[in-house]
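This report concerns only the one structure given below.
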Amino acid sequence: IILYYIILYYTIVLLGYYRYYIIGNIGTYYITIYTYTTALLRISEDIRTRLDDGKSCLMTLLDFSNAFGTVQFDLLIHKLRLLGFSTSAANYMYSYLTQRQQAVVANGKTSVVLPLGSGTPQGAVLSPLIFTLFVNDMGRCLIHSSMHQYADDSQLLIYFDSEKVDLAVELLNKDLAAISQYCTENGLKINPTKTQVLLVSNKKSPPIPSVHVVVEGHPIAYSPAVKNLGMSFNSHLTWSNHATAICRKVYGALSSLRRMSVFTPENIKSQLVSSLIMPHFHYGLPIYFDNSCLRYIYNVRKRDHVSHLSARFLGSSFRGYLHTNVACFIYKMIKLPSSVPPYLHDVISTGTSNRNLTAMIPFHRSKVMDGSLAVAGSKLWNRLPNDVRSLPTLSAFRRACLSFFSEE
Numbered sequence: 048i049i050l051y052y053i054i055l056y057y058t059i060v061l062l063g064y065y066r067y068y069i070i071g072n073i074g075t076y077y078i079t080i081y082t083y084t085t086a087l088l089r090i091s092e093d094i095r096t097r098l099d100d101g102k103s104c105l106m107t108l109l110d111f112s113n114a115f116g117t118v119q120f121d122l123l124i125h126k127l128r129l130l131g132f133s134t135s136a137a138n139y140m141y142s143y144l145t146q147r148q149q150a151v152v153a154n155g156k157t158s159v160v161l162p163l164g165s166g167t168p169q170g171a172v173l174s175p176l177i178f179t180l181f182v183n184d185m186g187r188c189l190i191h192s193s194m195h196q197y198a199d200d201s202q203l204l205i206y207f208d209s210e211k212v213d214l215a216v217e218l219l220n221k222d223l224a225a226i227s228q229y230c231t232e233n234g235l236k237i238n239p240t241k242t243q244v245l246l247v248s249n250k251k252s253p254p255i256p257s258v259h260v261v262v263e264g265h266p267i268a269y270s271p272a273v274k275n276l277g278m279s280f281n282s283h284l285t286w287s288n289h290a291t292a293i294c295r296k297v298y299g300a301l302s303s304l305r306r307m308s309v310f311t312p313e314n315i316k317s318q319l320v321s322s323l324i325m326p327h328f329h330y331g332l333p334i335y336f337d338n339s340c341l342r343y344i345y346n347v348r349k350r351d352h353v354s355h356l357s358a359r360f361l362g363s364s365f366r367g368y369l370h371t372n373v374a375c376f377i378y379k380m381i382k383l384p385s386s387v388p389p390y391l392h393d394v395i396s397t398g399t400s401n402r403n404l405t406a407m408i409p410f411h412r413s414k415v416m417d418g419s420l421a422v423a424g425s426k427l428w429n430r431l432p433n434d435v436r437s438l439p440t441l442s443a444f445r446r447a448c449l450s451f452f453s454e455e
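Numbering follows our numbering, with no gaps: position 52 of the sequence shown is 99.
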């Protein structure tokens, strides 16, 4: 156990030190400042910016079969040395991974114990980190598209003029062939049946390719929506599919909780909603909320007003609560840049003076940018009084935001 935590600590420290080189476009969840939210934000902001320029986008989400179980030990150690790991650190990693055994228990019977010649320990925090390091060089074989990686989730993006959609598919297929070759050389296996392709466009009549994206010789059908790191992306980047899915989960959870509502104390209800319901809204972008959570907590009838209960439960209206969360994220981007990944530092810009913290709204041509953090987030930030934006600590800023938005 001690050796495990030594390796974990050393790996995270080294990743933090070399993050610009190692991490590439998208960081890993297992380094504190690199989360699914930052990854999704970078991807969506990039796509919106290119759509605003009149481009369309082909997004290919790759699925790897048994990704963590295919890591080759010797090849991994070679890559770690190239990334700057010392000989002793690489040897520690090799010692951690090798000489492991595995058996299967089924119906009370245990199979023969066999040695493991590849793969990372199942369920270990280090496993996604190790895999991220192992495939860090995958993007170097691409010529026409860009790659975003997040542990074992990899996606290719290619932007194109609408009239050149077939050419874009052809170029994307060349990069996918290069990825397939990379996987063969590194012991990885792409699962074509779970690979998805989404065409994103800002056009009223999106371009329709006459050819298919091909992975490992298998044509991939174009999907109207795909699930990307837990969020549903559709062809116009409207988040309507994601909002529908979240509402379905929330109403399902509330339905289960209501069955015991009469017998559950109010403080326990509040805790249940905080732990079981609110995380659905915190995941990714804020979506519409109709106060059903508050009605459940306080036994309020459907037609009764709940605004006063919203302030009691959240410290503000739910809209104000969401706005506060977004504003706190922007606060960290502007005033605590070390707390967010470097690839988000250019999303929102302010004046050069410490006294002038007004966000500059970027020029944009279409409404697709209205939903971006660069535009919508900047407008939200600028609504705050300058004395609130200038507060020295995040906790003080959060309290001031809750108060400000509750009074709007």
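C-beta atoms are modelled at their ideal positions from N, C-alpha and C, and glycine is treated no differently.
The beta strand (DSSP E) with residue i in it runs from where to where?
i    : result
D200 : D200 to F207
P271 : No beta strand (DSSP E) contains P271, which DSSP labels as neither H nor E.
Let me check understanding here. Comparing Cα to Cα, which of the options lies closest to residue i?
i    : options                   : result
L304 : K316, C294, I293 and R295 : K316
V394 : S364, S363, W428 and G367 : W428
D213 : L130, Q196, P254 and H411 : P254
N12  : V273, S442, N233 and L431 : In this structure the chain extends from 48 to 455, so residue 12 is not present and cannot be described.
F181 : P162, G116, L163 and Q243 : G116
K236 : V422, D110 and F365       : D110
V159 : A150, S165 and G166       : A150
L144 : T157, G164, T134 and S133 : G164
S425 : D208, S257 and Y378       : Y378
Y206 : A198, L218, D199 and Q196 : L218
A421 : I177, F376, Q148 and L276 : F376
C294 : I226, P326, G155 and A136 : P326
Y229 : V152, N183, T240 and D99  : N183
L123 : L88, G234, R147 and G277  : G234
Q119 : R436, T231 and R97        : T231
L323 : I408, P312, K296 and F310 : K296
N453 : W286, F328, H411 and S363 : Inspection of the sequence shows that residue 453 is occupied by Ser rather than by Asn. If we check each option's Cα against that of S453, S363 comes out closest.
V261 : H283, S252, K241 and N275 : K241
A406 : A374, S302, Q196 and P389 : A374
A37  : M140, N238 and N154       : Since the first residue shown for the chain is 48 and the last is 455, residue 37 is missing from the structure and cannot be characterised.
S193 : N220, P162, R412 and R436 : N220
L276 : L361, K211, A423 and D199 : D199
S16  : F410, G398, M185 and S252 : Lying outside 48 to 455, the shown extent of the chain, residue 16 is not represented and no answer is given.
Hey, could you find the ends of the alpha helix (DSSP H) residue i is sitting in?
i    : result
H195 : Segment S193 to Y197 is the beta strand (DSSP E) holding H195; no alpha helix (DSSP H) there.
V261 : Run containing V261: none in the alpha helix (DSSP H); it sits in the beta strand (DSSP E), V260 to V262.
F178 : L173 to F181
Q318 : E313 to L319
L218 : V212 to N233
I324 : No alpha helix (DSSP H) contains I324, which DSSP labels as neither H nor E.
L404 : No alpha helix (DSSP H) contains L404, which DSSP labels as neither H nor E.
T134 : T134 to L144
V297 : S287 to R305
T371 : F365 to K382
D121 : F120 to L129
Give me whichever residues DSSP pairs with residue i in a beta bridge.
i    : result
T96  : Its beta-bridge partners do not exist; DSSP assigns none.
L108 : Q202 and Q243
S279 : K274
T157 : V152
H265 : V262
P253 : Its beta-bridge partners do not exist; DSSP assigns none.
T397 : A406
P389 : Partner(s): none; P389 has no beta bridge.
P168 : Partner(s): none; P168 has no beta bridge.
P162 : Q148
I237 : F111
S308 : In DSSP, S308 forms no bridge with anything.
S248 : In DSSP, S248 forms no bridge with anything.
S103 : F207
Please confirm whether residue i has its beta-carbon closer than 7 Å to some beta-carbon of chain D.
i    : result
F376 : The chain labelled as chain D is not found in the depicted structure, where only one protein chain is given.
Exercise. Could I get the ranges of all uninterrupted alpha helix (DSSP H) runs contained in the stretch 414-451, with 4 residues as the minimum, in chain order?
Key: Entirely contained in the stretch 414-451, the alpha helix (DSSP H) runs reaching 4 residues are, in chain order, 425-430 and 433-436.
Quiz item: Within the chosen definition, does the stretch 96-105 reach the stretch 239-249 through at least 3 CB pairs nearer than 8 Å?
Solution: The count of Cβ pairs closer than 8 Å, one atom from the stretch 96-105 and one from the stretch 239-249, reaches three, so the stretches are in contact.
Quiz item: Are three or more beta carbon pairs between the stretch 159-175 and the stretch 184-196 nearer than 8 Å?
Solution: With contact defined as three or more Cβ pairs closer than 8 Å, the stretch 159-175 and the stretch 184-196 are not in contact.
Quiz item: Touch check for the stretch 434-444 and the stretch 123-130: three-plus C-beta pairs under 8 Å?
Solution: Not touching, per the Cβ criterion.
Exercise. Decide yes or no for the touch test of the stretch 267-278 against the stretch 129-140: beta carbon pairs closer than 8 Å, at least 3 of them.
Key: When C-beta atoms of the stretch 267-278 are compared with those of the stretch 129-140, fewer than three pairs fall below 8 Å, so the two segments do not count as touching.
Quiz item: Are there three or more Cβ pairs, one per stretch, closer than 8 Å when the stretch 359-374 is compared with the stretch 79-89?
Solution: Short answer: they don't touch.
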